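Protein chains: 2
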Amino acid sequence: MTDGRSDKRPTIYDLAKLTNTSASTVGAVLNGSWKKRRISQKLADQIRKVAIEQGYSPNMQARALRTERSNIIGMIVPMYDNRYFGALAEAFEQRARDRGLFPIVTCTRRDPNLEIEAAQSMLAYRVDNIVCTGATDPDRIADLCAAHGVETLNVDLPGTRAPSIISDNYQAAVELTKDIISRLPSGCAGNDSDIVFIGGREEDHNTGERIRGFKDAHEEVGARIAEAYIRPCGYAAHKAERSLDEFVNKMGGLPKGIFINSTISLEGIVNWFQQNDITGLETVALGCFDWDPYAALLGNKTSMVRQNVPVMMDLLFEFLEDPEKRKAGVTQVLPEVIRRS
Amino acid sequence: MTDGRSDKRPTIYDLAKLTNTSASTVGAVLNGSWKKRRISQKLADQIRKVAIEQGYSPNMQARALRTERSNIIGMIVPMYDNRYFGALAEAFEQRARDRGLFPIVTCTRRDPNLEIEAAQSMLAYRVDNIVCTGATDPDRIADLCAAHGVETLNVDLPGTRAPSIISDNYQAAVELTKDIISRLPSGCAGNDSDIVFIGGREEDHNTGERIRGFKDAHEEVGARIAEAYIRPCGYAAHKAERSLDEFVNKMGGLPKGIFINSTISLEGIVNWFQQNDITGLETVALGCFDWDPYAALLGNKTSMVRQNVPVMMDLLFEFLEDPEKRKAGVTQVLPEVIRRS
DNA sequence: TACACTTGCACCATCGAAGGTGCATATTGC
DNA sequence: GCAATATGCACCTTCGATGGTGCAAGTGTA
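So the protein lines, in turn, are chains A and B.
Take the first sequence: its position 150, counted from the start at 1, is 829 in the working numbering, and no numbers get skipped.
Take the second sequence: its position 131, counted from the start at 1, is 810 in the working numbering, and no numbers get skipped.
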């Protein structure tokens, strides 16, 4: 090169030569510790000028190696196929950047092995923290990270090995169920219920809590629920579709209401209606524990639960920054129930 | 600690002491170059055993510092608020992992400054490549990266400084428009059209191509389009909503069809119908250049364009791996038009 | 003028891994 | 039985940034 700029990225050593100073001086100026090191204002200005001219950017790998702190913060999410996790990732990234951290979000498709693999990669790159969102096995990740001296935090699904920030699934499920009940044809509420719960995994904490809320809301109005009405058939759309189909075949008709445990399951439910009984979409009272702008418009009767992403992410960073607060076990955040009549 | 395991992560030096060998031997064994270095099978096995016992994980920062290759591959996406970018991110991550790379996806909210900031962060962490997906200004990012010796690739929106993989927006727009025309009340096709194009940004390459396809499809059936029918009002939902509202006020009624330029814009359109004329959703022929499982069900008449994510991502990694192929300028991939009658 | 401080910077080891090189010991060929 | 080669591993520098330490020159005090 003839313009004095190398084709390689300049290092503090290059800048030191260009300014007739030393690497430690350049380093101190560019990382902000120069006052402590009593570098003169004039020299600092000059070095900064040359650094900009040369397009210097500190090698974070080298810095991390030396300081034992990467400023990388990782987040594991299950999927990008719904608004909730998308919003979580977006809010997470924004807050991380605001704090000068480098956010790394990766989706692990609800695959426990992939979760571990992703966590191991993050650990290899020496992330400072890992946030497990909706992880199928947060404790396993927490243990793995603990062995590496890395603290984790759980979001959406609670774990026992790390502080957890989750939605108040029980309370929101109670409210959503009451809302569905209130929209049943008159005369139904108070009698034995005809609302099906579809979707989710029984082992899931959240699904368990939602079923508990679903049951308690029924109990409050004196209605009973038969076993066949609780159908945690998994999250995939086609599973919900099949589950509803089985229910209808078994019971000989549609239920009066459906509590759907996620937008993904809702996809299957709507598919079923499209295939089998499109008018049902207008007559059955739908409630979905999740939020999606289009889904909210479907059937014109779908109430939805929208989890409070901003508050959850604010709490997350509070916990990350304050070891005292971090001791808390499970912190619940109340979601919003968006009612449609 | 009493069990011989330090509370710090073990390094190759720790393992060398534990096995009475040297750091270079341990390093060679654990990074696979041990045969080349003529380490005996027996010693290699022993070192690997101890490494596993100690929970060793190589410090990728140190490795990257030494080898000048981080194995990190970055991707910038605008938003996680639609399925297209979610699917792109997911497919990208999967393919990167399959190749032993560490994928880093970040969303920049269609903010040109945030795009640059994110790219700079990635460069500071010495990513090997950056993939710009739907970037507002891919050339600016490409130039920045080029100054750091990092190659970029564009996806979804083309740039002039790097190879680009995009959808064939023109062809798909022609097909989508024809589909809308075919669903107009009989007698309309062939006359001057009554289909509005709403959403997107006029400066966007994709929006331009779609408008071109929209126009050509009209021309083919001998229909003309008045200026007021082309409304690239931006992407945000409320902008599309307002644009449709303005159109209806100005023209004194609904159009017979709407070509909506993204699911986000569709959100605004559906909102408008909800607020103003819910029956319109059933009578107006809708086509949306984007895909969403719920949106596809709306109005029961919405045809959608689903971009071919797997093929685009396969091409991306082909280009990344083969410098020859990388020379190509813009590669177009034909999306699928999902018709609903 | 001598001594104690302060100012302003350079020198150097270090973080963990990689890879060039060197040097014993073991094996082969003649 | 001896040189030539192969085998198996250790030593040492390097990547870029950080921060402890040392040291000259400048300033203040008695």
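Virtual Cβ for every residue (Gly too), placed ideally from N, Cα, C.
From a predicted model like this one, the values you see are computed outputs, not experimental measurements.
Contacts with chain B at 8 angstroms (Cβ-Cβ) do not include LYS728 (chain A).
According to DSSP, PRO782 (chain B) shares a beta bridge with B:ILE752. In the structure shown, PHE996 (chain B) falls within a helical segment according to DSSP collapsed to helix, strand and coil.
Interface flag for LYS715 (chain A) against chain B is unset, since no Cβ pair is found closer than 8 angstroms. Under a criterion of Cβ atoms nearer than 9 angstroms, the residues of chain A adjacent to MET739 (chain B) are, in order, GLN740, SER800, ALA803, TYR804, ARG805. Under the Cβ distance rule, ILE752 (chain B) does not count among the residues neighbouring chain A, no pair being separated by less than 8 angstroms.
GLY878 (chain A) and PRO837 (chain A) do not touch by the CB rule: their CB atoms are close to 19 angstroms apart, not below 8 angstroms.
Taking 8 angstroms as the threshold, the shortest C-beta distance from SER736 (chain B) to chain A falls below it. In terms of CA proximity to ALA907 (chain B), B:ASN928 leads the group B:ARG776, B:ASN928, B:PHE952, B:ASP807. For the options B:ARG921, B:GLU854, B:ILE751, the alpha carbon positioned closest to that of GLY779 (chain B) is the one of B:ILE751.
In the DSSP annotation of this structure, GLU1003 (chain B) is not part of any beta strand (DSSP E), being labelled neither H nor E. DSSP places VAL927 (chain B) within a helical segment (H, G or I) once states are collapsed to three. As DSSP reads the structure, ARG985 (chain B) sits in a beta bridge with B:GLU1015. In this structure, DSSP gives ILE890 (chain B) a helical state, which the three-state scheme calls helix.
Under the Cβ criterion of 8 angstroms, LYS980 (chain B) is not counted among the residues facing chain A. A check of alpha carbon separations from PHE893 (chain B) across B:ASP883, B:VAL875, B:GLU882, B:ILE957 identifies B:VAL875 as the nearest. Just so you know, the alpha carbons of VAL1012 (chain A) and ASP760 (chain B) end up roughly 22 angstroms apart. About 11 angstroms separates the CB atoms of ILE809 (chain A) and ALA825 (chain A); that is not less than 8 angstroms, and the two are not in contact. Annotation: Cβ neighbours of PHE781 (chain B) in chain A (cutoff 7 angstroms, chain order): SER800, TYR804. Secondary structure of GLY947 (chain B) (DSSP, three-state): helix. Where LEU823 (chain A) is concerned, the enclosing alpha helix (DSSP H) starts and stops at 817-826. ALA905 (chain A) is bridged by DSSP to nothing; it lacks a bridge partner. Checking the DSSP bridge columns, you'll see ALA964 (chain B) partnered with B:GLY936. Taking ILE937 (chain A) as reference, the option from A:ARG762, A:VAL784, A:LEU965 with the minimal CA-CA separation is A:LEU965. A contact is defined here as three or more CB-CB pairs under 8 angstroms, and the region 849-863 of chain B meets this definition with respect to the region 888-903 of chain B. The beta carbon of PRO757 (chain B) sits closer than 6 angstroms to those of ARG789, GLY813, all from its chain and outside the five residues before and after it, given in chain order.
Using a CB distance cut-off of 8 angstroms, GLU920 (chain A) does not count as an interface residue toward chain B. ARG910 (chain A) is bridged by DSSP to A:ILE877. Looking from the CA of SER872 (chain A), the closest CA among A:PRO689, A:GLU854, A:SER736, A:ALA902 belongs to A:ALA902.
DSSP places VAL853 (chain A) in the helix class (H, G or I) of the three-state scheme.
Boundaries of the beta strand (DSSP E) harbouring ILE844 (chain B): 843-846, taken from the DSSP string. The beta-carbon distance between PRO782 (chain A) and MET754 (chain A), rounded to whole angstroms, is 7 angstroms. This is short enough to meet the 8 angstroms contact definition. Annotation: the continuous alpha helix (DSSP H) that includes LEU802 (chain A) extends over 791-803. A direct Cα-to-Cα measurement between ASP835 (chain B) and SER843 (chain B) gives close to 8 angstroms.
Taking C-beta atoms under 8 angstroms as the contact rule, ALA916 (chain A) and ASN955 (chain A) fail to qualify, at a distance of about 15 angstroms.
Scanning chain A for C-beta atoms nearer than 7 angstroms to the C-beta of CYS967 (chain B) yields nothing, as the closest lies near 11 angstroms away.
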